[in-house]
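Undergrad: Note that this note's numbering has the sequence shown beginning at 1, numbered continuously upward. Glycine is no exception: its CB is placed at the ideal position from the N, C-alpha and C atoms. Because the structure is a prediction, the values reported are computed rather than measured.
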Amino acid sequence: MKITMIVLAILCYMGIVMYIGIQCSKNNKSSDDFYLGGRKLGPFVTAMSAEASDMSSWLLMGLPGVALLTGVAGGTSGFAEAFWTALGLGVGTYLNWLIVSKRIRIYSEKNNSATLPDFFSNRFGDKSGILTLIAAVVIIIFFVPYTGSGFAAIGKLFNSLFGIDYHTALIVGGAVIIFYTMTGGFLAASTTDFIQSIVMTIALFIIVCFGVENAGGMESVSANARALTSSGSLSEYFSLTGLDGSYGFLPIVSTLAWGLGYFGMPHILLRFMAIEDSDKLKLSRRIATVWVFFSMGIAIFIGYLGLTFAVNHGYITDGLPAEGFDAERIIIYMSDAIASVDSFAAIIAGLILSGILAATMSTADSQLLAAASSVSENIIKRFVWKDIPAKMQMLIARISVAVIAVVALVLAWNPDSSVFRIVSFAWAGFGAAFGPVILFALFWRRTNKWGALAGMISGGVMVFVWKYGISLLGGAFAIYELLPAFIVSCIMIVVVSLATAEPSADVLRTYDEVNGIIRKK
Numbered sequence: 001m002k003i004t005m006i007v008l009a010i011l012c013y014m015g016i017v018m019y020i021g022i023q024c025s026k027n028n029k030s031s032d033d034f035y036l037g038g039r040k041l042g043p044f045v046t047a048m049s050a051e052a053s054d055m056s057s058w059l060l061m062g063l064p065g066v067a068l069l070t071g072v073a074g075g076t077s078g079f080a081e082a083f084w085t086a087l088g089l090g091v092g093t094y095l096n097w098l099i100v101s102k103r104i105r106i107y108s109e110k111n112n113s114a115t116l117p118d119f120f121s122n123r124f125g126d127k128s129g130i131l132t133l134i135a136a137v138v139i140i141i142f143f144v145p146y147t148g149s150g151f152a153a154i155g156k157l158f159n160s161l162f163g164i165d166y167h168t169a170l171i172v173g174g175a176v177i178i179f180y181t182m183t184g185g186f187l188a189a190s191t192t193d194f195i196q197s198i199v200m201t202i203a204l205f206i207i208v209c210f211g212v213e214n215a216g217g218m219e220s221v222s223a224n225a226r227a228l229t230s231s232g233s234l235s236e237y238f239s240l241t242g243l244d245g246s247y248g249f250l251p252i253v254s255t256l257a258w259g260l261g262y263f264g265m266p267h268i269l270l271r272f273m274a275i276e277d278s279d280k281l282k283l284s285r286r287i288a289t290v291w292v293f294f295s296m297g298i299a300i301f302i303g304y305l306g307l308t309f310a311v312n313h314g315y316i317t318d319g320l321p322a323e324g325f326d327a328e329r330i331i332i333y334m335s336d337a338i339a340s341v342d343s344f345a346a347i348i349a350g351l352i353l354s355g356i357l358a359a360t361m362s363t364a365d366s367q368l369l370a371a372a373s374s375v376s377e378n379i380i381k382r383f384v385w386k387d388i389p390a391k392m393q394m395l396i397a398r399i400s401v402a403v404i405a406v407v408a409l410v411l412a413w414n415p416d417s418s419v420f421r422i423v424s425f426a427w428a429g430f431g432a433a434f435g436p437v438i439l440f441a442l443f444w445r446r447t448n449k450w451g452a453l454a455g456m457i458s459g460g461v462m463v464f465v466w467k468y469g470i471s472l473l474g475g476a477f478a479i480y481e482l483l484p485a486f487i488v489s490c491i492m493i494v495v496v497s498l499a500t501a502e503p504s505a506d507v508l509r510t511y512d513e514v515n516g517i518i519r520k521k
């Protein structure tokens, strides 16, 4: 009965998102509608869909798991890593909404850009299309495996819960995402992401209530937190010296650097471009920032609660995890315990597990759409079939979604693939390749297409070089690849832009017009 109720709750959730895809398909009259929703998103949907598409299953699995490891032997830096990463992401979220969202919304409408590669090409007056091509290739390189990691997370979720064959679960979960994304496009992805953010929030709230009760109340939770370190204090995790095993300056800077990634995330930047009115972005910023800090704080807190739960249920004994215990699945373990109470509790557990599913789907659909747009809009339409009819353009858009999804499923076919290592690497790739270019495009008038191209290529390449080369030296070089790659990209943009001719008069005129509009607002 327990399994039946959980499955029914999850199937109901999947049915809802598929229904949304069908309804949203009626609003797709052109590829601009399919990929940007006709710039009709409201402030709430813009805010919550942007953040839901960002967090993925990392919010409900990765972050609580890292925090939980603080109390496990050999994992003394878990809380510090979770805290500084969450802080970096929170600050990055706020700054991205504050300084980028309105500018890119106004600029992208001014130069008629429906995708990020289009924006780069139009912003710098690149008639050759080389910026569009390189940007599209970067998106495909990093987003296809990123999407595959989301599909793999769904397969692992159902495999661990119900013993369903990993590949069967992979195909079924992927098929649902493909269906509503291929039919409803950007509007369906954004609407379902909004709903998924609500489901994720409810899941976090229920788990916290259960965890506190399981721990014996807040006093017991506080006692457990104080007992996490030998000194009874968490201060050793925030020492800038790095002495005595504390979390030092370089690890802190490295984890904070996660926040830089936001400036280059295509699926988030597209939400900024799609809002119906740039004046409503202030409300969206407040909603998004509050939700991000709240949800990540709760996720870390669940890690603490999960430690007590794991100890009480024999998953951890004397600081050592039992064989087969996976800290990243702590919410799944807690959901299973909730489901054992009665049939109603099993439905609640199903809702919680739908939250994990929602976190994964909300990211995968956005990545899938961004990768597909790069193929159909920025490669096929720009370089292969320039005069493509509107109906055929929509067909190619949907076919691109299907093809990209199949490739992602193939990449996710190995059940032992590392979901979160891929997420981290792809995040660094986008942050370094696109982030500096976006910032300089919006704030430095002198930036030209050669500087943008140099920054895009050098940032993307440096991610690979640092990850698989320089970081292996260890010590001060063992930092998150996003930080050094971001810095290299910024330097290259400035040096190459100054060493080559300034932008054309038309490009400078458009830049000045956009800044004039922004000042008036």
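#1: Is residue 404 near residue 372, with beta carbons less than 9 Å apart?
#2: Relative to the C-alpha of residue 406, which candidate in 101, 435, 148 has its C-alpha closest?
#3: Tell me the rounded alpha-carbon separation between residue 347 and residue 198.
#4: State the CB to CB distance for the pair residue 194 and residue 45, rounded to an integer number of angstroms; the pair is presumed to be in contact (CB under 8 Å).
#5: Assess contact between the segment 338-352 and the segment 367-387, defined as three or more Cβ pairs (one per stretch) separated by less than 8 Å. Is contact present?
#6: Grouping DSSP H, G and I as helix and E and B as strand, with all else coil, what is residue 389?
#7: In the DSSP assignment, find the unbroken alpha helix (DSSP H) run with residue 61 in it and report its ends.
#8: Taking the CB atoms as reference points, tell me whether residue 409 and residue 145 lie closer together than 9 Å.
#9: Distance check for residue 495 and residue 339, CA to CA, integer angstroms please.
#10: Quick one: Cα of residue 464 to Cα of residue 493, how far?
#11: Along the chain, where does the alpha helix (DSSP H) containing residue 447 start, and where does it finish?
#12: Enumerate in chain order the residues of its own chain whose CB-to-CB distance from residue 450 is below 6 Å, with the five nearest sequence positions on each side excluded.
#13: Bridge partners for residue 540 per DSSP, in chain order?
#14: Under 8 Å Cβ to Cβ from residue 218, same chain only, skipping five residues before and after it: list those, please.
#15: Would you check if there are 3 or more beta carbon pairs closer than 8 Å linking the segment 481-492 to the segment 453-471?
#16: Evaluate residue 151 with the Cβ neighbour count: other Cβ atoms within 10 Å of its Cβ, from every protein chain shown; 16 or more gives buried, anything less gives exposed.
#17: Which class does residue 479 belong to by DSSP, given the choice of helix, strand or coil?
#18: Would you call residue 220 buried or exposed, if buried means 16 or more other Cβ atoms sit within 10 Å of its Cβ?
#19: Pull the bridge partners of residue 275 from the DSSP assignment, please.
#20: Got a sec, what are the start and stop residues for the alpha helix (DSSP H) residue 116 sits in?
#21: Specify whether the segment 85-94 and the segment 292-305 touch according to this definition: at least 3 beta carbon pairs, one from each stretch, less than 8 Å apart.
#22: Does the segment 301-318 touch the segment 275-289, meaning 3 or more C-beta pairs lie closer than 8 Å?
#23: Would you tell me roughly how many angstroms separate the C-alpha atoms of residue 505 and residue 118, rounded to the nearest one?
#24: Taking buried to mean at least 16 other C-beta atoms within 10 Å of its own C-beta, is residue 96 buried or exposed?
#25: Go ahead and pull the three-state DSSP assignment for residue 510.
#26: Classify residue 364 as buried or exposed, calling it buried when 16 or more other Cβ atoms lie within 10 Å of its own Cβ.
#27: Can you check whether the CB of residue 353 is closer than 9 Å to the CB of residue 203?
#28: In angstroms, rounded to a whole number, what distance separates the CA positions of residue 514 and residue 139?
#29: Determine the direct distance from the alpha carbon of residue 65 to that of residue 400, and round the result to whole angstroms.
#30: Grab me the residues of residue 230's own chain with a C-beta within less than 7 Å of its C-beta, minus the 5 sequence neighbours each way, in chain order.
#31: So residue 508 packs on residue 103, CB below 8 Å; how close in whole Å?
#32: Is there contact here, the segment 128-138 with the segment 164-172, by at least three beta-carbon pairs under 8 Å?
#33: For residue 439, which option in 120, 274, 112 has the closest C-alpha, if you only look at C-alpha atoms?
#34: So the candidates are 302, 384, 8, 124; which of them puts its Cα closest to the Cα of residue 214?
#35: Just to confirm the assignment, what range does the alpha helix (DSSP H) spanning residue 376 have?
#36: Does the distance from the CB of residue 435 to the CB of residue 263 come in under 9 Å?
TA: Let's see:
#1: For the purposes of this step, residue 404 is taken as the residue at position 404 of the sequence shown. For the purposes of this step, residue 372 is taken as the residue at position 372 of the sequence shown. For residue 404 and residue 372, yes; Cβs fall inside 9 Å.
#2: Residue mapping note: residue 406 aligns to position 406 of the sequence shown, counting from 1. Of 101, 435, 148, the residue nearest in Cα terms is 148.
#3: Residue 347 sits at position 347 when you count from the first residue of the sequence shown. Residue 198 sits at position 198 when you count from the first residue of the sequence shown. A straight line joining the alpha-carbon of residue 347 with that of residue 198 spans about 17 Å.
#4: Position 194 of the sequence shown, counted from the start, is the residue given in the question as residue 194. Position 45 of the sequence shown, counted from the start, is the residue given in the question as residue 45. Indeed, because the Cβ distance is near 5 Å, the residues count as touching under 8 Å.
#5: Taking one beta carbon from each stretch, the segment 338-352 and the segment 367-387 have fewer than 3 pairs nearer than 8 Å; the two do not touch.
#6: Within the sequence shown, numbered from 1, the residue matching residue 389 stands at position 389. Looking at residue 389 - three-state DSSP - the assignment turns out to be coil, as it is neither helix nor strand.
#7: Here residue 61 corresponds to residue number 61 of the sequence shown, with the count starting at 1. The continuous stretches of alpha helix (DSSP H) do not include residue 61, and DSSP gives it neither H nor E.
#8: Within the sequence shown, the letter at position 409 stands for residue 409. Within the sequence shown, the letter at position 145 stands for residue 145. Not closer than 9 Å, so no.
#9: The residue labelled residue 339 in the question sits at position 339 within the sequence shown. The residue labelled residue 495 in the question sits at position 495 within the sequence shown. Computed Cα separation, rounded: 60 Å.
#10: Start at 1 with the first residue of the sequence shown, and residue 464 comes out as number 464. Start at 1 with the first residue of the sequence shown, and residue 493 comes out as number 493. One Cα belongs to residue 464, the other to residue 493, and the distance between them is close to 19 Å.
#11: For the purposes of this step, residue 447 is taken as the residue at position 447 of the sequence shown. Note, residue 447: premise wrong, no alpha helix (DSSP H); not H, not E.
#12: The residue given as residue 450 occupies position 450 in the sequence shown. Once the five neighbours on either side are set aside, the close Cβ partners of residue 450 are 496, 500.
#13: The structure shown does not extend to residue 540, since the chain is modelled only from 1 through 521, so no value can be given for it.
#14: Walking along the sequence shown from the start, residue 218 turns up at place 218. Counting only Cβ-Cβ distances below 8 Å, and skipping sequence neighbours, we find 212.
#15: Yes, since at least three Cβ pairs between the segment 481-492 and the segment 453-471 fall closer than 8 Å, the two stretches touch.
#16: Taking the sequence shown and counting its residues from 1, the one referred to as residue 151 is at position 151. In summary, residue 151 is buried, with 16 or more beta-carbon neighbours lying within 10 Å of its beta-carbon over all protein chains present.
#17: Looking up residue 479 in the sequence shown gives position 479. Residue 479: coil per DSSP, three-state reduction.
#18: Translated into positions along the sequence shown, residue 220 becomes position 220. Classification of residue 220: exposed, given that the 10 Å Cβ count is below 16.
#19: Position 275 of the sequence shown, counted from the first residue, corresponds to residue 275. When DSSP reads this structure, residue 275 sits in a beta bridge with 41.
#20: Stepping through the sequence shown from its first residue, residue 116 is reached at position 116. First-last of the alpha helix (DSSP H) with residue 116: 116-123.
#21: Touching, per the Cβ criterion.
#22: At 8 Å Cβ cutoff, the stretches do not touch.
#23: The residue you call residue 505 lines up with position 505 of the sequence shown. The residue you call residue 118 lines up with position 118 of the sequence shown. Separation of residue 505 and residue 118 (C-alpha to C-alpha, rounded to the nearest whole angstrom) is 19 Å.
#24: Stepping through the sequence shown from its first residue, residue 96 is reached at position 96. Classification for residue 96: buried.
#25: Taking the sequence shown and counting its residues from 1, one reaches residue 510 at position 510. It is helical.
#26: The residue given as residue 364 occupies position 364 in the sequence shown. By the neighbour-count definition (other C-beta atoms within 10 Å, threshold 16), residue 364 is a buried residue.
#27: Position 203 of the sequence shown, counted from the start, is the residue given in the question as residue 203. Position 353 of the sequence shown, counted from the start, is the residue given in the question as residue 353. In this structure, residue 203 lies near residue 353, with their beta-carbon atoms less than 9 Å apart.
#28: Mapped onto the sequence shown, residue 514 falls at position 514. Mapped onto the sequence shown, residue 139 falls at position 139. Residue 514 and residue 139 have their C-alpha atoms some 26 Å from each other.
#29: Walking along the sequence shown from the start, residue 400 turns up at place 400. Walking along the sequence shown from the start, residue 65 turns up at place 65. Put simply, the backbone Cα of residue 400 is about 35 Å away from that of residue 65.
#30: On the sequence shown, residue 230 is found 230 positions in, with the first residue counted as 1. With a pLDDT of only 44 at residue 230, under 50, the local geometry of the prediction cannot be trusted, and no value is derived from it.
#31: Within the sequence shown, the letter at position 508 stands for residue 508. Within the sequence shown, the letter at position 103 stands for residue 103. The Cβ separation is near 16 Å, so there is no contact.
#32: These segments do not touch.
#33: To locate residue 439, count along the sequence shown from 1; it is residue 439. The residue among 120, 274, 112 with its C-alpha nearest the C-alpha of residue 439 is 120.
#34: For the purposes of this step, residue 214 is taken as the residue at position 214 of the sequence shown. Checked all of 302, 384, 8, 124; the closest Cα to residue 214 is 302.
#35: Locating residue 376 in the sequence shown gives position 376, where the first residue counts as 1. Neither: residue 376 is in no alpha helix (DSSP H) and is coded neither H nor E.
#36: Position 435 of the sequence shown holds residue 435. Position 263 of the sequence shown holds residue 263. Taking a C-beta distance under 9 Å as the contact criterion, residue 435 and residue 263 qualify as a contact pair.
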